[in-house]
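First residue of the sequence shown? That's 1 in full-length UniProt numbering, and the numbers climb one at a time after it.
This report concerns only the one structure given below.
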Amino acid sequence: MSSLISQLSIYSSKSLNVGGFSSRISPRRGSQRVVDLVKVSPEKKRVELSGRFLGWDHDVMRRRGSVTFPVIKAAAAMADDGGDHEGLSIVEPPKSFLERYPALVTGFFFFAWYFLNVIFNILNKKVYNYFPYPYFVSVVHLLVGVAYCLISWSVGLPKRAPIDKDQLALLTPVATCHALGHVMSNVSFAAVAVSFTHTIKALEPFFNAAASQFVLGHQIPLPLWLSLAPVVIGVSMASLTELSFNWLGFTSAMISNISFTYRSIYSKKAMTGMDSTNVYAYISIIALLFCLPPAILIEGPKLMQYGFNDAIAKVGIVKFVSDLFWIGMFYHLYNQIATNTLERVAPLTHAVGNVLKRVFVIGFSIVVFGNKISTQTGIGTAIAIAGVAIYSLIKANIEEKKRKTEKAKLA
Numbered sequence: 001m002s003s004l005i006s007q008l009s010i011y012s013s014k015s016l017n018v019g020g021f022s023s024r025i026s027p028r029r030g031s032q033r034v035v036d037l038v039k040v041s042p043e044k045k046r047v048e049l050s051g052r053f054l055g056w057d058h059d060v061m062r063r064r065g066s067v068t069f070p071v072i073k074a075a076a077a078m079a080d081d082g083g084d085h086e087g088l089s090i091v092e093p094p095k096s097f098l099e100r101y102p103a104l105v106t107g108f109f110f111f112a113w114y115f116l117n118v119i120f121n122i123l124n125k126k127v128y129n130y131f132p133y134p135y136f137v138s139v140v141h142l143l144v145g146v147a148y149c150l151i152s153w154s155v156g157l158p159k160r161a162p163i164d165k166d167q168l169a170l171l172t173p174v175a176t177c178h179a180l181g182h183v184m185s186n187v188s189f190a191a192v193a194v195s196f197t198h199t200i201k202a203l204e205p206f207f208n209a210a211a212s213q214f215v216l217g218h219q220i221p222l223p224l225w226l227s228l229a230p231v232v233i234g235v236s237m238a239s240l241t242e243l244s245f246n247w248l249g250f251t252s253a254m255i256s257n258i259s260f261t262y263r264s265i266y267s268k269k270a271m272t273g274m275d276s277t278n279v280y281a282y283i284s285i286i287a288l289l290f291c292l293p294p295a296i297l298i299e300g301p302k303l304m305q306y307g308f309n310d311a312i313a314k315v316g317i318v319k320f321v322s323d324l325f326w327i328g329m330f331y332h333l334y335n336q337i338a339t340n341t342l343e344r345v346a347p348l349t350h351a352v353g354n355v356l357k358r359v360f361v362i363g364f365s366i367v368v369f370g371n372k373i374s375t376q377t378g379i380g381t382a383i384a385i386a387g388v389a390i391y392s393l394i395k396a397n398i399e400e401k402k403r404k405t406e407k408a409k410l411a
């Protein structure tokens, strides 16, 4: 840098004072300080110069011209021996708010995840109280999400990842299970209390473990199986005394658990190379196509005869349409935020957060809807949630040890 600058003669020798940038430039060569005084101004400035670099012939830089370059920080450094030296120090650009406070941002993601999930469950149940058509509502959830994805792609946020036949073949089983699990969850939400559906869905880890052991052939450690015992016992206790219990709500929630378990299995095989946002968008589109036929066949005639008219008569067309739009938007956003949160934290943190989310949903739904629950149902729900928490902690620790072992082998 010193030798390079020393061969460059600055055309003008008068002082420059442009905005926050001021300096005294000397035209002399050699050991003369090139920059006597500079005030920091991290912005582009215009400097006129002429000269020739050592080893370059003729008119490489002979003509006078002007160049624009970013000035970050320049200073004339004085050596301890009193000699003149040219000094140049680079100051890193200031960090953004997201970079300076990562923990605060992660906390916001968790808050948004919980908030959107709770609002979705409450608003979804309120819609079912006057419009009990879960197949159609499931289609609306996915339709609003797909519209959101298409608009996001059209403006490049995010950029759409292309998909080929092989990737489509990988994602189709995942989307099929997602569609079935989503519809069955909504059938359960419409049939029984929200708190009871989420208590039944607490059995999902049990189905995941069973599928891993007996379908994929993965050996599940004994402590992990033992941690699932409280989940099964708690759900059984809650089911026996649940005041809103009916077999439709119970069996549909169980089918949802099985469907989401197989979705997880197929997801592990569907390595598409796309980012999670694009993958979820494509899954939503395919799932929507699977949900449309049963909604038309099962609920279509009822909706055309009296379903829509009854809902509009009860709440009005504006509220009816806005409710359907917002539950679809909240459904898509909470799923997307959950995915983004998983990318920011360790699996252990996400597992604990997922358990707490279920507690929040159950608690808020009981308060908002005033659901009466027996003492045994409350105890059973608490035991089931505690079992899920223990299972999640043990599983996350096992996966963390496995990753460290694999990393040590590679090192």
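Beta carbons are placed, not taken as given, at the ideal position from N, Cα and C, and that holds for glycine.
Everything numeric in this text was worked out from a predicted model, so none of it was measured.
Proximity winner among the options, relative to residue i (alpha-carbon distances)
{"i": "Arg-344", "options": "Tyr-282, Val-105, Pro-162", "result": "Val-105"}
{"i": "Thr-176", "options": "Val-231, Leu-288, Leu-222, Ser-244", "result": "Leu-288"}
{"i": "Ile-327", "options": "Gly-107, Lys-95, Asn-117, Ile-285", "result": "Asn-117"}
{"i": "Ala-270", "options": "Val-137, Leu-171, Asp-164, Asn-397", "result": "Leu-171"}
{"i": "Ile-122", "options": "Phe-330, Lys-402, Leu-410", "result": "Phe-330"}
{"i": "Phe-110", "options": "Asn-354, Trp-247, Ser-227", "result": "Asn-354"}
{"i": "Leu-324", "options": "Leu-168, Ser-244, Leu-143", "result": "Leu-143"}
{"i": "Ala-169", "options": "Pro-102, Tyr-101, Ile-286, Gly-370", "result": "Ile-286"}
{"i": "Leu-128", "options": "Phe-320, Pro-294, Lys-404", "result": "The amino acid at residue 128 is misidentified as Leu; the sequence shows Tyr. Checked all of Phe-320, Pro-294, Lys-404; the closest Cα to Tyr-128 is Phe-320."}
{"i": "Lys-302", "options": "Arg-403, Tyr-133, Phe-108", "result": "Tyr-133"}
Coil, strand or helix - residue i by DSSP
{"i": "Leu-216", "result": "coil"}
{"i": "Gly-328", "result": "helix"}
{"i": "Ala-179", "result": "helix"}
{"i": "Ser-374", "result": "coil"}
{"i": "Tyr-133", "result": "coil"}
{"i": "Glu-299", "result": "helix"}
{"i": "Leu-116", "result": "helix"}
{"i": "Ser-31", "result": "Since pLDDT at Ser-31 reaches only 45, below the 50 mark, its modelled position is unreliable, and the value read off the structure follows with that caveat. Coil at Ser-31, not helix or strand."}
{"i": "Asp-164", "result": "coil"}
{"i": "Ser-276", "result": "helix"}
{"i": "Ala-202", "result": "coil"}
{"i": "Ile-385", "result": "helix"}
{"i": "Gly-156", "result": "coil"}
{"i": "Gly-316", "result": "coil"}
{"i": "Phe-360", "result": "helix"}
Rounded C-alpha distance that separates residue i from residue j
{"i": "Val-279", "j": "Thr-375", "result": "43 Å"}
{"i": "Ser-154", "j": "Arg-160", "result": "8 Å"}
{"i": "Leu-342", "j": "Ala-396", "result": "13 Å"}
{"i": "Thr-377", "j": "Met-237", "result": "6 Å"}
{"i": "Val-146", "j": "Ala-281", "result": "7 Å"}
{"i": "Val-215", "j": "Tyr-266", "result": "11 Å"}
{"i": "His-332", "j": "His-141", "result": "7 Å"}
{"i": "Ala-295", "j": "Leu-180", "result": "12 Å"}
{"i": "Ala-408", "j": "Phe-369", "result": "52 Å"}
{"i": "Gln-213", "j": "Gln-219", "result": "6 Å"}
{"i": "Val-34", "j": "Leu-157", "result": "Note that Val-34 scores a pLDDT of 45, beneath 50, so its modelled location is shaky and nothing firm can be said."}
{"i": "Ser-307", "j": "Ser-322", "result": "Note that residue 307 is Gly in the sequence shown, not Ser. Roughly 17 Å separates the two Cα atoms."}
{"i": "Gly-107", "j": "Phe-360", "result": "16 Å"}
{"i": "residue 431", "j": "Ser-152", "result": "With the chain covering only 1 through 411, there is no way to say anything about residue 431."}
{"i": "Tyr-114", "j": "Ser-185", "result": "18 Å"}
{"i": "residue 420", "j": "Pro-223", "result": "Here the chain covers residues 1 to 411 and nothing more, so residue 420 does not appear."}
C-beta atoms of residue i and residue j nearer than 8 Å
{"i": "Phe-250", "j": "Ser-264", "result": "no"}
{"i": "Ile-362", "j": "Thr-199", "result": "yes"}
{"i": "Phe-196", "j": "Asn-124", "result": "no"}
{"i": "Ser-252", "j": "Ala-191", "result": "yes"}
{"i": "Ile-119", "j": "Ser-227", "result": "no"}
{"i": "Ala-193", "j": "Arg-358", "result": "no"}
{"i": "Tyr-135", "j": "Glu-299", "result": "yes"}
{"i": "Val-315", "j": "Tyr-130", "result": "yes"}
{"i": "Tyr-276", "j": "Thr-339", "result": "Contrary to the premise, residue 276 reads as Ser rather than Tyr in this sequence. Yes, Cβ-Cβ distance for Ser-276 and Thr-339 is below 8 Å."}
{"i": "Ile-379", "j": "Leu-243", "result": "no"}
{"i": "Ala-103", "j": "Ile-337", "result": "no"}
{"i": "Val-174", "j": "Ile-283", "result": "yes"}
{"i": "Val-183", "j": "Cys-291", "result": "yes"}
Are there three or more Cβ pairs, one per stretch, closer than 8 Å when the segment 199–208 is compared with the segment 249–260? yes
Is the segment 224–233 close to the segment 382–392, with three or more CB pairs under 8 Å? Result yes; three or more Cβ-Cβ pairs closer than 8 Å.
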